[in-house]
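Structure first, then comments.
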Amino acid sequence: MDDPALRAPHHDRRMSIPIMFQIDRAVPEAKDVVTLHFRGLLPYRPGQFYMVWLPGINQKPYSLSHHDAEGFGITIKRFGAFSRALSKAKKGDWVGFSGPYGNHFTITKGALFVGGGVGMASLSTAIDLTADARIIIGAVTAAGLVFRKRYASATLVTDDGSAGEKGFVTLPLQRLLDGTKKPPLVLACGPEPMLARVLDICRQAHVPCELSLERYMSCGFGICGKCVLGDRMVCYDGPVFRGEDLYKNEDFGVSKREKTGKKVSLTKSKH
Ligand SMILES: Cc1cc2nc3c(=O)[nH]c(=O)nc-3n(C[C@H](O)[C@H](O)[C@H](O)COP(=O)(O)OP(=O)(O)OC[C@H]3O[C@@H](n4cnc5c(N)ncnc54)[C@H](O)[C@@H]3O)c2cc1C
-18 MDDPALRAPH HDRRMSIPIM FQIDRAVPEA KDVVTLHFRG LLPYRPGQFY MVWLPGINQK
42 PYSLSHHDAE GFGITIKRFG AFSRALSKAK KGDWVGFSGP YGNHFTITKG ALFVGGGVGM
102 ASLSTAIDLT ADARIIIGAV TAAGLVFRKR YASATLVTDD GSAGEKGFVT LPLQRLLDGT
162 KKPPLVLACG PEPMLARVLD ICRQAHVPCE LSLERYMSCG FGICGKCVLG DRMVCYDGPV
222 FRGEDLYKNE DFGVSKREKT GKKVSLTKSK H
């Protein structure tokens, strides 16, 4: 980790020339979810993101899900054309990384982590640095649970009850915050309606929270305007926000912008 020869050059946040790495191995994690591992080092603080470039295709933001002395990794869920192409990439393929961009989580002993679906990818490097972390992992079905083996002591929750408790991650969260051993901080990443509910529960319990948001973005450093969230930009002011700041934000949990820039509403009906 401390070998300067392995370190990527310092990046100005607006300098976006990607550094190319070859895929070392691809590891399936869950249904439609794969981790790509790379050898070499990139500067990173848990919660930040890189713009990941597939030559000839596109670039999209991804958190690092693995970061240690051996190398780093990204964990990808297949949604659209880009994530499908990235998750099909093989050992030896070249992938570009520009960044790191954005701010980071506060590492706090005894913190509680709440990950919905591939949101676990952004939390995992923070979990790895946290003493006495407690973890809730949620997914629609058992097959979609991300990192259940990596964090064997985590509380599992599935919408259909096929693993762990049946329901949403907010059920065990509510129980833990109602109990006597309240965590000093809750860190969460997942679908925005889930995060909005996490914020409500934390506020009622007077427990601070940090929430990592995933909004559509083309540039990663404040130019394209697609990740606008009220008077903030997720790429530049986030992606990690303090709950109290989001509570006052008119767009959080309410509306988002599509890739065209069109504003559409988010539903709070689930979670
Ligand atoms: C800061 C940040 C960090 C990110 N980290 C990761 C990461 O570690 N791993 C990862 O897999 N993705 C991560 N993402 C999301 C990633 O950048 C892409 O948006 C995602 O992979 C989908 O891209 P796509 O082009 O394949 O799909 P698109 O063509 O953009 O979308 C296809 C369809 O899938 C839907 N969709 C896209 N993303 C989601 C989602 N998260 N939940 C539900 N529906 C969705 C879209 O609304 C659309 O209907 C992160 C995003 C941000 C902003």
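Quick note: the sequence shown uses our numbering, first residue -18, plus one each step.
Note that the Cβ used here is the ideal one computed from N, Cα and C, for glycine as well.
From a predicted model like this one, the values you see are computed outputs, not experimental measurements.
Can we count residue i as close to ligand 1, meaning its CB is less than 7 Å from some heavy atom?
i, result
"Tyr132", "no"
"Phe60", "yes"
"Ile108", "no"
"Gly80", "no"
"Ala102", "yes"
"Tyr217", "no"
"Val99", "yes"
"Pro9", "no"
"Lys41", "yes"
"Ile255", "The structure shown does not extend to residue 255, since the chain spans only -18 to 252, so no value can be given for it."
"Gly83", "yes"
Would you report the Cα separation of residue i and residue j, rounded to the nearest angstrom?
i, j, result
"Gly219", "Val188", "20 Å"
"Pro81", "Gly148", "35 Å"
"Ala66", "Ala102", "18 Å"
"Ile0", "Leu35", "12 Å"
"Lys243", "Arg196", "13 Å"
"Ala133", "Val95", "15 Å"
"Leu(-13)", "Gly224", "Residue placement at Leu(-13) is flagged as unreliable, the pLDDT there being 39, under the threshold of 50; the coordinate-derived value follows with that caveat. Distance between the alpha carbons of Leu(-13) and Gly224: 36 Å."
"Pro174", "Trp75", "35 Å"
"Val235", "Ile38", "31 Å"
"Thr139", "Leu210", "29 Å"
"Ala11", "Val121", "12 Å"
"Val179", "Ala169", "8 Å"
What's the call for residue i, buried or exposed, on a 16-neighbour Cβ count within 10 Å?
i, result
"Thr136", "buried"
"Ser193", "buried"
"Pro42", "buried"
"Pro24", "exposed"
"Gly142", "exposed"
"Asp232", "buried"
"Glu191", "buried"
Terminal residues of the continuous alpha helix (DSSP H) containing residue i?
i, result
"Arg59", "Segment: none, Arg59 is in no alpha helix (DSSP H) and carries neither H nor E."
"Thr241", "Where Thr241 is concerned, there is no enclosing alpha helix (DSSP H), given that its DSSP letter is neither H nor E."
"Val215", "215 to 218"
"Gly100", "Segment: none, Gly100 is in no alpha helix (DSSP H) and carries neither H nor E."
Looking at the secondary structure, which residues open and close the beta strand (DSSP E) in which residue i lies?
i, result
"Asp74", "Unbroken run through Asp74: none, as it is neither H nor E."
"Met1", "0 to 11"
"Ser236", "236 to 238"
"Leu192", "190 to 193"
"Arg26", "Counting along the chain, Arg26 falls outside any beta strand (DSSP E), and DSSP gives it neither H nor E."
| message | So, does the stretch 18 to 27 touch the stretch 41 to 53, judging by three or more C-beta pairs under 8 Å? | response | Touching, per the Cβ criterion.
| Taking contact to mean at least 3 C-beta pairs separated by less than 8 Å, is the stretch 115 to 126 in contact with the stretch 67 to 74? | no
| Is the stretch 148 to 165 touching the stretch 205 to 214 in the sense that three or more CB pairs, one from each, lie closer than 8 Å? | no
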